[in-house]
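In what follows, a structure is listed as structure tokens, so that the remarks can point back to it.
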Amino acid sequence: EDQVTQSPEALRLQEGESSSLNCSYTVSGLRGLFWYRQDPGKGPEFLFTLYSAGEEKEKERLKATLTKKESFLHITAPKPEDSATYLCAVQAGGYNQGGKLIFGQGTELSVKP
Amino acid sequence: NAGVMQNPRHLVRRRGQEARLRCSPMKGHSHVYWYRQLPEEGLKFMVYLQKENIIDESGMPKERFSAEFPKEGPSILRIQQVVRGDSAAYFCASSLLSGTGLPEAFFGQGTRLTVV
Chain A
131 EDQVTQSPEA LRLQEGESSS LNCSYTVSGL RGLFWYRQDP GKGPEFLFTL YSAGEEKEKE
191 RLKATLTKKE SFLHITAPKP EDSATYLCAV QAGGYNQGGK LIFGQGTELS VKP
Chain B
246 NAGVMQNPRH LVRRRGQEAR LRCSPMKGHS HVYWYRQLPE EGLKFMVYLQ KENIIDESGM
306 PKERFSAEFP KEGPSILRIQ QVVRGDSAAY FCASSLLSGT GLPEAFFGQG TRLTVV
């Protein structure tokens with residue numbers, strides 16, 4: 131069964147204290163891995179898509195990496211406005227089929243000034 | 246996020262009533278997905294639709310739930326005879342297949358259904 135596990139469930143950082151969030155997955159035929167940010171009461175906001183092992187993408191203080199079994203979201207020198215729940219999701223299935231995302235439970239990040 | 250429009254944002258229904266949730270995808274997107282987020286749980290896939298077609302409904306409960314995406318107008322998720330366990334946030338996402346064939350799905354703000 132396709133599965134996504136995120137750790138830790140919650141992470142508290144001081145402003146400027148860099149850290150990483152983990153997303154491990156088991157899926158038959160990974161087509162892509164997605165990272166989203168979700169603020170309370172809001173919908174998930176798209177951050178990155180990673181397609182193959184070894185790929186890396188960056189956006190401001192965030193950097194996402196992918197291996198064959200897991201993905202990391204590195205947060206460098208975080209600010210309080212980075213506080214949110216970060217969601218990881220995978221997609222399996224046929225090429226050009228689109229389709230469902232399987233989400234992890236999320237990591238709730240809190241950055242204190 | 247602003248591109249995918251969901252309404253209403255909040256919906257209160259009494260047990261046994263019907264709930265209708267609407268989703269207008271981003272301009273040019275013809276793929277719509279519905280997800281449910283129960284309290285303290287992650288997002289769970291419900292159904293994937295293209296215009297006038299249900300592509301994958303493997304996450305839909307067998308009874309009381311239905312979805313459509315007509316040629317004209319928004320996608321509708323309908324829940325008949327709601328029960329307290331249906332209380333959740335329902336999110337719609339839309340996508341346009343990219344050149345690689347992988348859709349980057351953009352989510353709406355959700356409809357929070359409360360069944361009393």
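Top to bottom, those sequences are chains A and B. Residue numbers for the first sequence follow the working numbering, beginning at 131 and rising by one. Residue numbers for the second sequence follow the working numbering, beginning at 246 and rising by one. All residues carry an ideal CB built from backbone N, CA and C; glycine is no exception.
Span separating the alpha-carbon of residue i from that of residue j
| i | j | result |
| --- | --- | --- |
| A:D212 | A:E200 | 22 angstroms |
| A:E238 | A:L141 | 6 angstroms |
| A:S240 | A:R167 | 13 angstroms |
| A:Q221 | A:K172 | 22 angstroms |
| A:C96 | A:C218 | With chain A covering only 131 through 243, there is no way to say anything about residue 96 of chain A. |
| A:F164 | A:L177 | 8 angstroms |
| B:I308 | B:R281 | Position check: residue 308 of chain B holds Glu in this sequence, whereas Ile was assumed. So the two alpha carbons sit approximately 16 angstroms from each other. |
| A:I232 | B:R260 | 30 angstroms |
| B:A333 | A:A214 | 19 angstroms |
| B:A312 | A:G162 | 26 angstroms |
| A:T206 | B:G353 | 28 angstroms |
| A:G234 | B:K289 | 9 angstroms |
| B:I321 | B:V249 | 13 angstroms |
| B:P319 | A:Q144 | 44 angstroms |
| A:E131 | A:Y155 | 10 angstroms |
| B:C268 | B:F314 | 9 angstroms |
Residues that residue i contacts on chain B, provided the C-beta gap is smaller than 8 angstroms
| i | result |
| --- | --- |
| A:K230 | Y278, F290, Y293, D301, S303, G304 |
Inter-residue CB distance, residue i and residue j (contact presumed, cutoff 8 angstroms)
| i | j | result |
| --- | --- | --- |
| B:M271 | B:F351 | 6 angstroms |
| B:R357 | B:R254 | 7 angstroms |
Below-9 angstroms beta-carbon distance, residue i vs any chain A residue
| i | result |
| --- | --- |
| B:G287 | yes |
| B:A312 | no |
| B:N246 | Confidence at B:N246 is low in this model, with a pLDDT of 47, below 50, so the placement of that residue should be treated as unreliable; the coordinate-derived value is given next. Interface residue, yes. |
| B:A338 | yes |
| B:V257 | no |
| B:V360 | no |
| B:Q262 | no |
Cutoff 9 angstroms: residue i Cβ touching any chain B Cβ
| i | result |
| --- | --- |
| A:G184 | no |
| A:A140 | no |
| A:A219 | yes |
Chain A residues whose Cβ lies nearer than 9 angstroms to that of residue i
| i | result |
| --- | --- |
| B:E349 | G162, F164, F176, T179 |
Contacts that residue i makes with chain A (C-beta to C-beta distance below 7 angstroms)
| i | result |
| --- | --- |
| B:G355 | G173 |
Within chain B, partners of residue i - CB distance below 9 angstroms
| i | result |
| --- | --- |
| A:G236 | G287, L288 |
Exercise. Along the stretch 163–181 of chain A, what residues have a CB closer than 9 angstroms to any CB found in chain B?
Worked result: F164, Y166, Q168, G171, K172, G173, P174, E175, F176, T179, Y181
Exercise. Along the stretch 193–217 of chain A, what residues have a CB closer than 8 angstroms to any CB found in chain B?
Worked result: L217
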